[in-house]
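Numbering (my numbering), first residue to last: -5 to 62.
One structure below.
Here it is, written out as structure tokens:
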């Protein structure tokens, strides 16, 4: 119990670092994939990638601005 009090509280960024990294990578991949498919004329896959990009971007925004 004592060591739990001594250890400094982890910041929000440290606690969510894995989520941040995963979400940023997924956003970049979705954006690149979506542009590539759009240039090839594959609108279905491009719209799916855009939806994934939007979803991860929104989750990242909500996580970053959430009050703890």
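Ideal Cβ positions, reconstructed from N, Cα and C, are used throughout, including at glycine.
Which term fits residue i, buried or exposed, when burial requires 16 or more other beta carbons within 10 angstroms of its beta carbon?
i	result
residue 47	buried
residue 50	buried
residue 24	buried
residue 58	exposed
Using the Cα positions of residue i and residue j, report the straight-line distance between them to the nearest angstrom.
i	j	result
residue 19	residue 35	24 Å
residue 28	residue 55	21 Å
residue 16	residue 30	21 Å
residue 63	residue 13	A query on residue 63 cannot be resolved here, the shown segment of the chain reaching from -5 to 62 and no further.
residue 38	residue 52	21 Å
residue 26	residue 42	12 Å
residue 10	residue 60	12 Å
Going by the beta-carbon positions, is the gap between residue i and residue j smaller than 7 Å?
i	j	result
residue 32	residue 40	yes
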